[in-house]
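Chains as they are written, first to last, in the numbering used here: chain A, 3 to 365; chain B, 112 to 624.
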Amino acid sequence: MSMIRLEPRGQASPLWVYGAPLLAVALTLASGFVLFWAMGFNPVAALRAFFVEPLTSARGIGELVVKATPLTLCAVGLAVGFRANVWNIGAEGQLTLGAITGGGLALAFYGEGGWWLLPLMVLGGIAGGMAWAAIPAFLRTRFNASEILTSLMLTYVALLLLSYLVHGPYRDPDGFAFPESRLFEEAATLPVLVTGTRVHLGALFALAAVAGCWVLIARTFIGFQIRVIGLTPAAAGYAGFKEKKIIWLTLLLSGGLSGLAGLGEVAGPIGQIVPTVSPGYGFTAIIVAFLGRLHPLGIVLAALLMALSFIGGEAAQIGLGLPKAITGVFQGMLLFFLLGSDVLIRYRVRIGARKTVSQGATA
Amino acid sequence: MTVPRLELSSISKRFPGCLANDDVSLTLLPGEIHALLGENGAGKSTLVKIIYGVQQADSGTILWEGQPVVIKDPHAARRLGIGMVFQHFSLFDTLTVAENIALGLERPPPMRDLEQKIRAVSERYGLTLDPARHIHTLSVGERQRVEIVRCLLQDPRLLIMDEPTSVLTPQEVERLFATLRRLSDEGCTILYISHKLEEIRALCTRATVLRGGRVVGACDPRRESARSMAEMMIGATLTAPTRPAAETGGATLEVRHLSTTSDDPFATNLKDVSFEVRAGEILGIAGVAGNGQAELLAALSGEAILADDGAVRIRGQAAGHLDPRRRRALGLAFVPEERLGRGAVPELSLSENAILSGYVAEPLVRRGLVHFGRARSFAERIISGFNVVAHGHKAEARSLSGGNLQKFIIGREILQKPSLLVVGQPTWGVDAGAAAAIHQALIDLARGGAAVLVISQDLDELFVLSDRIAVLFHGRLSESRPTHHTTVEEIGLLMGGLFGAATGAEEVPHGTA
Chain A
3 MSMIRLEPRG QASPLWVYGA PLLAVALTLA SGFVLFWAMG FNPVAALRAF
53 FVEPLTSARG IGELVVKATP LTLCAVGLAV GFRANVWNIG AEGQLTLGAI
103 TGGGLALAFY GEGGWWLLPL MVLGGIAGGM AWAAIPAFLR TRFNASEILT
153 SLMLTYVALL LLSYLVHGPY RDPDGFAFPE SRLFEEAATL PVLVTGTRVH
203 LGALFALAAV AGCWVLIART FIGFQIRVIG LTPAAAGYAG FKEKKIIWLT
253 LLLSGGLSGL AGLGEVAGPI GQIVPTVSPG YGFTAIIVAF LGRLHPLGIV
303 LAALLMALSF IGGEAAQIGL GLPKAITGVF QGMLLFFLLG SDVLIRYRVR
353 IGARKTVSQG ATA
Chain B
112 MTVPRLELSS ISKRFPGCLA NDDVSLTLLP GEIHALLGEN GAGKSTLVKI
162 IYGVQQADSG TILWEGQPVV IKDPHAARRL GIGMVFQHFS LFDTLTVAEN
212 IALGLERPPP MRDLEQKIRA VSERYGLTLD PARHIHTLSV GERQRVEIVR
262 CLLQDPRLLI MDEPTSVLTP QEVERLFATL RRLSDEGCTI LYISHKLEEI
312 RALCTRATVL RGGRVVGACD PRRESARSMA EMMIGATLTA PTRPAAETGG
362 ATLEVRHLST TSDDPFATNL KDVSFEVRAG EILGIAGVAG NGQAELLAAL
412 SGEAILADDG AVRIRGQAAG HLDPRRRRAL GLAFVPEERL GRGAVPELSL
462 SENAILSGYV AEPLVRRGLV HFGRARSFAE RIISGFNVVA HGHKAEARSL
512 SGGNLQKFII GREILQKPSL LVVGQPTWGV DAGAAAAIHQ ALIDLARGGA
562 AVLVISQDLD ELFVLSDRIA VLFHGRLSES RPTHHTTVEE IGLLMGGLFG
612 AATGAEEVPH GTA
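Structure, rendered in structure tokens:
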């Protein structure tokens, strides 16, 4: 009798903590190969169009950074919360609110902006995201309502609010009734860092957030409390750490960073407020956080990879005529294989029958 | 010569990273009560799981009444006539005794017949049990009877008992032993696992000692002392703790009219609990688990904030409204019952676990940043000061054995030089060597001027440690009595709830006893 068994390792394998994401990427590519082949494309050419060609020009690499910026901002904040078992699933909504509030300031001061406008918008975007995340924080700490549900549902409220605004108060008065705001003026636009690309100041915000979150988790006492609460809530109670305080803190942090990401989109590559500010960065950031092992540096790498899936998805739509869903398919496969590969951290695979007691051996 | 009931030869079982059983041989004769001795991690549970079919040996042979057998799962074990009563019960609170027993049988008879059978078996062995009662209304001792009756209904010829007395009062233990002796007289073999060496001396006729997965000796417990058996288990000489006379000072902890209410229907509310612990003394609180120990510990540690600020006073200061951190600032140190998962974070290193409670009294946090260098040296001081066996300060808490982790946690609390230490179950599941070290450390702390409160189910431990003993039963606390003026039997009666008889005597102040 032969079979595949999982055998507990006894302790986490340091090799597979980092190996699992690589295996997941490899399995995603292999499945993509089969998928393209089954659909009648040349799989090698299709994968090349998807994953390699976007990286062959300076502009393509710039786009990669542009898309990795909001992913990183959202994901580092979410990861801090995830470590404390605070499951903010609503980064997309908080991102949208940041675009609404920060971008709203650009519209409110249209034509009178100075050097102060951009910092004000940044603060406004952060405040908007924080305010949206404060709702699940309040509901969780006051009524013990699951932040998973409340933050997710508030995303749809935020998207509808945005839709209302661009069709109403935010609409460009000279825009022929198109649901779009005015284009932001120079003083309300994030400066481009590398000429010839769309890489903007937000990329530096993202790097600063990565560094800040790393210090927070690895060095500060608050970070220690976050880890203890996430690993063993009873031990946190024993030590006298305040869980409610940590829930508020992590939700406000991830909400604020998501809001900043939203502001970065409208004040950066988009340059105005439109009905769809994000192609799902807030949701993809959840995958990014886990793919990056909740570690700030891992998140940067994971964000670049997921950014590539967005760009590659666009390239595949244009070059191969594939539907838009191809991006989601690849992102979904990656998360699926990652969760599957994570089993290898604590278990090893054994092929073949269990060794039997010698006297009962069937040989 | 009689054919052995069960004969294990050269059983070996390897787990990733450890050899749990190494060439173990064991012979159990019909009708004998055989003790399996060993420290935690000696391989007792693995061996028992192999006998009961929960796990398979990597090599070795099993003979059941002279015939070679393969016990591939617990069903197979039960069919052979092997029954097992686990340390942790598997009963459904909301079902009746008979329903629970039916769930555990291979082919349960109709309910009415089953109830008849349960009555018959429980009468025959003196295990009073009403088949129609719901489990949640039963005491722990009664729940254990359900498990035993469930085994007995299958006419076992080998009954395995894993730490059966850890939750029983001394009187309940006596009744259990009477049942087991009766079974043994009828020819049933009993394999008995326990840490309580005095009980083994009273009950068992043979003992096999395991250490590090190997059989290191056998003896007749009736001819050994508890100490000699403990030394066989740990493979070294044992130093028993010494307890010089106490010189007590003022009350460091005062608890006055402490009552709690809980939303949890299975919690035990404390009812008007009052006591004090003086500087320099150890107060022991005895009681069977589930009588309010968890609630009392939470009320003292600050994990539960009290309605009445003055119900708990630490060094004269009202502390009922204070959180754990502020209570620690008043000089409290605290060792919870669950060491892994409350007293320590399993996945974190020892130096990180040193921060867990040490951050109040030790300079481990500065301007919001953790001072990892100091945490490390604090952890190293604990490890060397309390002989914690671990791979240095980087070892994860879960990699330590129960006894070593408990030494670490108690060391962490004691090195903070508390004026009040509250300890829940200091040596539950801890091997004899570590237990003696922990007891000595607690006594030394008290004699150095700290007030120590020990809450434990283990009466032997409380009699070694305490200057005074009180009993918690159904959320009420008895008057305390000086340890040298009371007996195990008297405390045992209080643990069983015979407060009426005892409270009459308590109206009279100490000293008349």
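Heads up, the beta-carbon is just placed ideally off N, CA and C, and yes, glycines get one too.
Exercise. Based on Cα-Cα distance, which residue from A:M132, A:E187, A:I219, A:I228 lies nearest to A:N87?
Worked result: Walking along the first sequence from the start, residue 87 of chain A turns up at place 85. Closest option to A:N87, Cα to Cα, is A:I228.
Problem set entry | Interface flag, A:T222 vs chain B, CB-CB below 8 angstroms | In the first sequence, residue 222 of chain A corresponds to position 220, counting from 1. Among the residues facing chain B, A:T222 is included, as its CB has a counterpart in that chain under 8 angstroms away.
Exercise. Quick one: is A:V194 near chain B, going by C-beta distance under 8 angstroms?
Worked result: Looking up residue 194 of chain A in the first sequence gives position 192. Closer than 8 angstroms to the CB of A:V194 there is not a single CB belonging to chain B.
Exercise. Where does A:W89 fall in DSSP's three states?
Worked result: Here residue 89 of chain A is taken as the residue at index 87 of the first sequence, counted from 1. Coil.
Problem set entry | Under 9 angstroms from the C-beta of B:G452: neighbouring residues of chain A | One-based indexing of the second sequence puts residue 452 of chain B at position 341. The answer, in chain order, is T234, A236, A237.
For this session: Please determine if the segment 238-247 of chain A and the segment 499-518 of chain B are in contact, where contact requires at least 3 C-beta pairs separated by less than 8 angstroms.
Result: Pairwise C-beta distances place the segment 238-247 of chain A out of contact with the segment 499-518 of chain B, as fewer than three of them are shorter than 8 angstroms.
Problem set entry | Own chain partners of B:I345 with C-beta closer than 8 angstroms, once the 5 adjacent residues on each side are dropped | To locate residue 345 of chain B, count along the second sequence from 1; it is residue 234. Counting only Cβ-Cβ distances below 8 angstroms, and skipping sequence neighbours, we find E150, R322, D542, A543, G544.
Exercise. Terminal residues of the continuous alpha helix (DSSP H) containing B:A131?
Worked result: Residue 131 of chain B sits at position 20 when you count from the first residue of the second sequence. Unbroken run through B:A131 is the beta strand (DSSP E), 129-139; no alpha helix (DSSP H).
Exercise. Going by Cα to Cα distance, which pick from B:A562, B:L411, B:S460 is closest to B:E358?
Worked result: To locate residue 358 of chain B, count along the second sequence from 1; it is residue 247. Distances from the CA of B:E358 to each of B:A562, B:L411, B:S460 were compared; the closest alpha carbon is that of B:A562.
Exercise. Within the 8 angstroms Cβ cut-off, does A:G21 reach chain B?
Worked result: Numbered from 1 along the first sequence, position 19 holds the residue referred to as residue 21 of chain A. Interface flag for A:G21 against chain B is unset, since no Cβ pair is found closer than 8 angstroms.
Exercise. Between the segment 307-324 of chain B and the segment 154-162 of chain B, do three or more beta carbon pairs fall short of 8 angstroms?
Worked result: With a cut-off of 8 angstroms, the segment 154-162 of chain B and the segment 307-324 of chain B count as touching, because enough Cβ pairs lie within range.
For this session: Could you tell me whether any Cβ in chain B is nearer than 8 angstroms to the Cβ of A:Y240?
Result: For the purposes of this step, residue 240 of chain A is taken as residue 238 along the first sequence, with counting starting at 1. It does: the Cβ of A:Y240 has a partner Cβ on chain B nearer than 8 angstroms.
Exercise. Can you tell me whether DSSP reads A:I6 as helix, strand or coil?
Worked result: Locating residue 6 of chain A in the first sequence gives position 4, counting from the first residue. The answer is strand: DSSP assigns A:I6 an E or B state.
For this session: Compare the C-beta of B:G479 against all C-beta atoms of chain A and say whether one is closer than 8 angstroms.
Result: Taking the first residue of the second sequence as 1, we reach residue 479 of chain B at position 368. Closer than 8 angstroms to some Cβ of chain A, the Cβ of B:G479 qualifies, so yes.
Exercise. Residue range of the beta strand (DSSP E) that B:F126 falls in?
Worked result: Counted from its first residue, the second sequence places residue 126 of chain B at position 15. B:F126 -> beta strand (DSSP E) spans 117-126.
For this session: Could you list the residues in the segment 406-432 of chain B with a C-beta less than 8 angstroms from some C-beta on chain A, going in chain order?
Result: So the close ones are S412, G413, E414.
Problem set entry | Neighbour flag for B:D578 against chain A, beta carbons, 8 angstroms | Position 467 of the second sequence holds residue 578 of chain B. Chain A, which has no Cβ nearer than 8 angstroms to the Cβ of B:D578, makes this no.
Exercise. In whole angstroms, what separates the C-alpha of B:L531 from that of B:I493?
Worked result: For the purposes of this step, residue 531 of chain B is taken as the residue at position 420 of the second sequence. For the purposes of this step, residue 493 of chain B is taken as the residue at position 382 of the second sequence. Roughly 19 angstroms between the two C-alpha positions.
Exercise. A:V230 touches chain B at which residues, Cβ-Cβ below 8 angstroms?
Worked result: Stepping through the first sequence from its first residue, residue 230 of chain A is reached at position 228. V456, L459, L467, listed in chain order.
Exercise. Can you tell me whether B:E463 is buried or exposed, with buried defined as 16 or more other CB within 10 angstroms of its CB?
Worked result: Here residue 463 of chain B corresponds to residue number 352 of the second sequence, with the count starting at 1. Flag for B:E463 reads buried.
Problem set entry | 8 angstroms Cβ cutoff, B:R223 in contact with chain A | What you label residue 223 of chain B is simply residue 112 of the second sequence in a count that begins at 1. No, because no Cβ of chain A sits closer than 8 angstroms to the Cβ of B:R223.
Problem set entry | Contacts of B:D434 in chain A (Cβ-Cβ under 9 angstroms) | Position 323 of the second sequence holds residue 434 of chain B. Chain A residues near B:D434: G242, K244.
Exercise. Among all the DSSP beta bridges, which residues are the ones paired with B:Q428?
Worked result: On the second sequence, position 317 is the one that residue 428 of chain B refers to. Its beta-bridge partners are B:I425.
For this session: State the Cα-Cα distance for the pair B:E392 and B:W539, rounded to the nearest angstrom.
Result: Taking the second sequence and counting its residues from 1, the one referred to as residue 392 of chain B is at position 281. Taking the second sequence and counting its residues from 1, the one referred to as residue 539 of chain B is at position 428. Note on geometry: alpha-carbon atoms of B:E392 and B:W539 lie some 22 angstroms from one another.
For this session: Look up B:H245 in the DSSP assignment and give the residues it is bridged to.
Result: Along the second sequence, read from residue 1 onward, the residue named residue 245 of chain B stands at position 134. The bridge partners DSSP lists for B:H245 are B:T207.
Problem set entry | Beta-carbon gap between A:T30 and A:F332 smaller than 8 angstroms | As a first step, residue 30 of chain A is located in the first sequence; it is residue number 28 there, counting from the start. As a first step, residue 332 of chain A is located in the first sequence; it is residue number 330 there, counting from the start. A:T30 is a Cβ neighbour of A:F332, given a cutoff of 8 angstroms.
Exercise. Excluding five sequence neighbours on each side, which residues of the same chain lie with their C-beta closer than 8 angstroms to the C-beta of B:F203?
Worked result: As a first step, residue 203 of chain B is located in the second sequence; it is residue number 92 there, counting from the start. Around B:F203: E210, N211, L214, I246.
Exercise. Candidates B:L605, B:G401, B:E600: which alpha carbon is nearest B:E285's?
Worked result: The sequence position of residue 285 of chain B within the second sequence is 174, counting from 1. A check of alpha carbon separations from B:E285 across B:L605, B:G401, B:E600 identifies B:E600 as the nearest.
Exercise. For the putative contact between A:A139 and A:I224, defined by C-beta atoms under 8 angstroms, what is the C-beta separation to the nearest angstrom?
Worked result: If you number the first sequence from 1, residue 139 of chain A lands on position 137. If you number the first sequence from 1, residue 224 of chain A lands on position 222. Not really, about 16 angstroms apart at Cβ, beyond 8 angstroms.
Exercise. If you count every other CB in all the chains shown that lies within 10 Å of the CB of B:H145, and 16 or more means buried, which is it?
Worked result: The residue given as residue 145 of chain B occupies position 34 in the second sequence. Around the Cβ of B:H145, a 10 Å sphere holds 16 or more other Cβ atoms; the residue is buried.
Exercise. What's the gap between the Cα of A:A237 and the Cα of A:R200?
Worked result: By 1-based counting over the first sequence, the position of residue 237 of chain A is 235. By 1-based counting over the first sequence, the position of residue 200 of chain A is 198. Distance between the alpha carbons of A:A237 and A:R200 is about 47 angstroms.
Exercise. Where DSSP assigns a beta bridge to B:W108, which residues make up the other side?
Worked result: Summary: the structure shown does not reach residue 108 of chain B, with chain B confined to residues 112 through 624, and so no result is reported for it.
Exercise. Can a CB atom of chain A be found closer than 8 angstroms to the CB of B:V476?
Worked result: Counted from its first residue, the second sequence places residue 476 of chain B at position 365. For B:V476, a Cβ of chain A is located within less than 8 angstroms of the residue's own Cβ.
Exercise. Using 8 angstroms as the limit for Cβ to Cβ distance, is A:F387 near chain B?
Worked result: This structure cannot speak to residue 387 of chain A, because chain A is shown only from 3 to 365.
Exercise. Which value, in whole angstroms, describes the spacing of the CA atoms of A:F338 and A:G62?
Worked result: Here residue 338 of chain A refers to the residue found at position 336 of the first sequence. Here residue 62 of chain A refers to the residue found at position 60 of the first sequence. It is roughly 27 angstroms from the alpha-carbon of A:F338 to the alpha-carbon of A:G62.
Exercise. Hey, which unbroken runs of the alpha helix (DSSP H) at 4 residues or more fall wholly within the segment 34-60 of chain A?
Worked result: Listed in chain order, they are 45-49.
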